[in-house]
Amino acid sequence: MPTIPRPTVPKLKLSLIGATAAVFVVGLLGGVSGAWLENRNSDNQLLVGSDSHISTPNSQRISKIAQAVGPSVVSVNVSITSAQANTPFDFFGPNDQSGGQSEEAAGTGIILTKSGYVMTNRHVVPQGTTKVSVTLSDGTELKNVSVVGRTSDSDTLDVAFLKINDTKGHTLKPATLGNSAAMQVGDDVVAIGNALGQFQNTVTSGVISGYGRSVQASDNSGQSAENLDNLFQTDAAINEGNSGGPLVNAAGQVIGMNTAIAGNAQNIGFAIPINDVKGLIEQILSSGKFARPYLGVHYVSLTADIAAQYDLSRQQGAFVFPSQDPSSPSVVADSPADKAGIKENDIIVAVDGQSVDQNHSLTSRLAQHKPGDRVKLTVVRGKDTVQLTAALGELPASNQ
Numbered sequence: 120m121p122t123i124p125r126p127t128v129p130k131l132k133l134s135l136i137g138a139t140a141a142v143f144v145v146g147l148l149g150g151v152s153g154a155w156l157e158n159r160n161s162d163n164q165l166l167v168g169s170d171s172h173i174s175t176p177n178s179q180r181i182s183k184i185a186q187a188v189g190p191s192v193v194s195v196n197v198s199i200t201s202a203q204a205n206t207p208f209d210f211f212g213p214n215d216q217s218g219g220q221s222e223e224a225a226g227t228g229i230i231l232t233k234s235g236y237v238m239t240n241r242h243v244v245p246q247g248t249t250k251v252s253v254t255l256s257d258g259t260e261l262k263n264v265s266v267v268g269r270t271s272d273s274d275t276l277d278v279a280f281l282k283i284n285d286t287k288g289h290t291l292k293p294a295t296l297g298n299s300a301a302m303q304v305g306d307d308v309v310a311i312g313n314a315l316g317q318f319q320n321t322v323t324s325g326v327i328s329g330y331g332r333s334v335q336a337s338d339n340s341g342q343s344a345e346n347l348d349n350l351f352q353t354d355a356a357i358n359e360g361n362s363g364g365p366l367v368n369a370a371g372q373v374i375g376m377n378t379a380i381a382g383n384a385q386n387i388g389f390a391i392p393i394n395d396v397k398g399l400i401e402q403i404l405s406s407g408k409f410a411r412p413y414l415g416v417h418y419v420s421l422t423a424d425i426a427a428q429y430d431l432s433r434q435q436g437a438f439v440f441p442s443q444d445p446s447s448p449s450v451v452a453d454s455p456a457d458k459a460g461i462k463e464n465d466i467i468v469a470v471d472g473q474s475v476d477q478n479h480s481l482t483s484r485l486a487q488h489k490p491g492d493r494v495k496l497t498v499v500r501g502k503d504t505v506q507l508t509a510a511l512g513e514l515p516a517s518n519q
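Per this note's numbering, numbering of the sequence shown is gapless, rising by one per residue and ending at 519.
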């Protein structure tokens, strides 16, 4: 069989959005506002607006969502000491140029339980994180916080979990999780987060403008690139510091976690669908331990263009492409995929009868399971369709 090069998948280069950012717009906007308020009419009388609050049904809805979800959102404050601190940039923007080894940064998190479990992005608490604290919506800072676990830097799921070990008597309000699979393009969403690492619980609104996106994200310096799959695209304004914050539906349910922005575009942000994380959440809540399910294949999510390029019989599914790199085989030896009989050029089209397609990647389907689960894989192999069973393994996580 001829060797097929890895399919070319367009990758949009994005910025990860944890941040320590300087803000220079406040004075300018203040001056513009002041000049506008001083405008007078032809009789030289000062025009003063009424004190009444004008709202629309839409603004009332957004306000209610913000009030309901806001207490479940925290600012995540971290200290980082690592090799990255020796370079001019790190994941969170400009680094300290004084030669110091420590950097302060900020992101956002979502409260999952009253007992103190919090979800955020992996890049908010990267390797080298030495100290973590969270700030509640009422301004209370809780400093006894630990990193339970995070996905590895090569994982397409950018997720980490924290534990508030001492709430200082504060009652935490868990967020309500929704069903991200029910979201459609055009559905209203609200993003909440620690904008620019300074403005807690900033609220923006928009719609789901796309889904099933595969992108490549990097820090502000263009370093530390990571591939992310199966993301929501939204036009709700997302800014640096919003990483790890919730994207919520019209019912105030969390349907995504804000992760990256397109720096060269207007209001194009990306969020991880919450269903892709539910398997990990259930694991954390039931055992207090972090374990990522593992199949052991390298694949690309098919599109019509890729299918046509490689003369494939299916336009959707996870294509296990032949690898030209011996250090990164298509099917990892002795992995659950290898033991189940997955081969190069297979197209995995369903997991337990649920389709693998542009809206539901293989990663997202497997993320709903835990290590040890047995899953049925529907595989297209040439002109045949075969059923295989794999016992998922455990992917070692990068723990702190």
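Ideal placement from N, C-alpha and C gives every residue a C-beta, glycine not left out.
In the DSSP secondary-structure assignment, P365 is bridged to M376. With respect to the 7 Å criterion, N349 and S454 are not classified as neighbours on the basis of their beta carbons. It is roughly 9 Å from the alpha-carbon of P190 to the alpha-carbon of N320. By the neighbour-count criterion, in which a residue is buried when 16 or more other Cβ atoms sit within 10 angstroms of its Cβ, V304 is exposed.
Counting the other Cβ atoms within 10 Å of the Cβ of A459 gives 16 or more, which makes it buried. Taking 8 Å as the upper bound for CB-CB distance, I181 and V322 are in contact here, some 7 Å apart. A straight line joining the alpha-carbon of L431 with that of V308 spans about 36 Å.
Residue pairing from DSSP places E513 in a beta bridge opposite P412. If you draw a 10 Å sphere on the C-beta of A427, you find fewer than 16 other C-beta atoms in it, and that means exposed.
DSSP links K250 through a beta bridge to S198. Under DSSP, Y236 takes part in a beta bridge, and its partners are K282.
Three or more pairs of CB atoms, one per stretch, sit closer than 8 Å, so the stretch 504-515 contacts the stretch 412-423. In this structure, the CA atom of S446 is about 23 Å from the CA atom of L421. Contact annotation: F351 and I387 have beta-carbon atoms that are not nearer than 7 Å. A390 and G375 do touch by the CB rule: their CB atoms are close to 3 Å apart, below 8 Å. The bridge partners DSSP lists for R493 are A510. Annotation: K233 to K292 spans about 6 Å, alpha carbon to alpha carbon. Per DSSP, I461 lies in no beta strand (DSSP E) segment and is marked neither H nor E.
A buried status is given to D274, since no fewer than 16 other beta-carbon atoms sit within 10 Å of its beta-carbon.
Judged by their CB atoms, I461 and V468 are not nearer to each other than the 7 Å cut-off. Within the same chain, Cβ atoms closer than 8 Å to the Cβ of K287 are found at T259 and L261, the five residues on either side in sequence being excluded. Under DSSP, S265 takes part in a beta bridge, and its partners are K282. Cβ neighbours of A423 within its own chain (closer than 6 Å, five residues either side excluded): Q434.
In the DSSP annotation of this structure, the continuous segment of the alpha helix (DSSP H) that includes A426 starts and ends at A423 to Q428. Residue burial is scored here from C-beta neighbours: P176 has fewer than 16 other C-beta atoms within 10 angstroms and is therefore classed as exposed. A distance below 7 Å separates the beta carbons of V253 and V193. For P176, there is no enclosing beta strand (DSSP E); the residue is found in the alpha helix (DSSP H) stretching over P176 to V188.
Collapsing the DSSP output to three states places V499 in a strand. Annotation: the continuous alpha helix (DSSP H) that includes I403 extends over K397 to S406. DSSP places S483 in the uninterrupted alpha helix (DSSP H) bounded by L481 to L485.
Straight-line measurement puts the Cα of G297 at about 20 Å from the Cα of K489. The beta-bridge partner set that DSSP reports for F389 consists of Q352 and A379. By a beta-carbon distance limit of 8 Å, L231 contacts I400. Their separation comes to about 6 Å.
With fewer than 16 other CB atoms across the displayed protein chains lying within 10 angstroms of its CB, R493 is exposed.
With a 10 Å radius around the Cβ and a threshold of 16 neighbouring Cβ atoms, S405 comes out exposed.
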